[in-house]
Amino acid sequence: VLWGMVLLFLTGIWGDGFTGASNDKPVGMVVKVKGDVGVKRGGTDKYAVAEINMPVYQNDTVKTLAKSETELVFDNKIAIKIEPKSTVSVEQIRLNPKLVDNILRLKSGMMLSDAKHIGGMRIITPVAVVAVRGTLFAVNVDTTGSSEIAVFRGSVTVSGTNQKETKNILVNENQRSEVLENKIPLLPDSLDKRLELYRDNVALQFELAVVQYREKIDKLIAQRNAWIDNVTQQQNQKIDNIKDKQDNMLK
């Protein structure tokens, strides 16, 4: 009975906390990690240390600490870069390219997204909804929850979430907008110097990296699946070792 309880505990924690429940299908993977980055599985309250090739599932939350960042690629080829001190939840990723309602939630911090040549997606923040189709853009949520949207390729539609009056704003390439709590989005204006530097030094470099990610998406998926197999084997070995110790105690 004791061994059965130990086995149940270990397989439950490992399945949901690291590789996903047995009936879950990964929707993406971690492709770059710098500094302190954690991934929390849906339904759990603890973060696991992010690793390259680590799978990403529906309802996962990814968190970066100061001076830390990470890049994720989803199986449908949407790619995101999560900047320092940020938290992003994967609410819905559609693997069928004909289904365009991909949803990510930026709770805090900054995220750069490349959805060019991909179906539509939405980024939800505490005060705004950013509707996207084929775009390179960044969203930043400050400590008050206010959201800034900067577009580097294509265009996005921005709306507020809390105001009584609903109004959509189109933000075009090399423009920015901002949404304050309980307010409609501000009319777009040109990128300021700060965002121009971010575009030139970060966003466009990320865009080039994403081209490579998409070209080798099958290889990335295979590496992720190998990561899952390796982690599962390690955990099975740990379970076998505990079982052997338990059996020896009962002799």
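Here the sequence shown stands for residues -18 to 232, where the numbers follow the working numbering.
Ideal Cβ placement from N, Cα and C applies to all residues, glycine included.
V81 versus I220 - alpha carbon distance:
If you take the alpha carbons of V81 and I220, they lie about 41 Å apart.
Please state whether DSSP places V18 in a helix, a strand or coil.
Secondary structure of V18 (DSSP, three-state): strand.
Considering only DSSP beta bridges, list what M35 is partnered with.
Paired residue(s): none; M35 is not in a bridge.
Which partner residues of S140 appear in the DSSP bridge assignment?
For S140, which the question treats as bridged, DSSP gives the partners V110.
Assuming A119 and D95 are in contact, meaning their beta carbons sit under 8 Å apart, how far apart are those beta carbons, in whole angstroms?
Incorrect: roughly 10 Å between the Cβ atoms, too far for contact.
Buried or exposed: which applies to A131, given that a residue is buried once 16 or more other Cβ atoms fall within 10 Å of its Cβ?
Buried, because 16 or more other Cβ atoms sit within 10 Å of the Cβ of A131.
The alpha helix (DSSP H) enclosing L189, as first and last residue numbers:
Segment 185 to 196, the alpha helix (DSSP H) holding L189.
Cα-Cα separation between D41 and Y28, rounded to whole angstroms:
The alpha-carbon atoms of D41 and Y28 are separated by roughly 10 Å.
With the cut-off set at 9 Å, would you say V139 and V160 are in Cβ contact?
Taking 9 Å as the Cβ cut-off, V139 and V160 qualify as a contacting pair.
What separation, rounded to the nearest whole angstrom, lies between the Cα atoms of V8 and L201?
If you take the alpha carbons of V8 and L201, they lie about 12 Å apart.
Specify, as a first and last residue, the run of the alpha helix (DSSP H) that E177 falls within.
It spans 174 to 179 - the alpha helix (DSSP H) in which E177 sits, taken as one unbroken run.
Do P166 and N149 have their beta-carbon atoms positioned less than 9 Å apart in this structure?
Taking C-beta atoms as the reference points, N149 and P166 count as a pair closer than 9 Å.
For K44, which residues does DSSP report across the bridge?
As computed with DSSP, K44 is found in a beta bridge with G19, T68.
So, for V152: in the same chain, excluding its five sequence neighbours on each side, which residues have a beta-carbon less than 7 Å away from its beta-carbon?
Correct list, in chain order: I130, V132, S136, V137, V139, S158, P169.
Can you give me the C-alpha to C-alpha distance between T142 and G126, rounded to a whole angstrom?
Between the alpha carbons of T142 and G126 lies a distance of about 12 Å.
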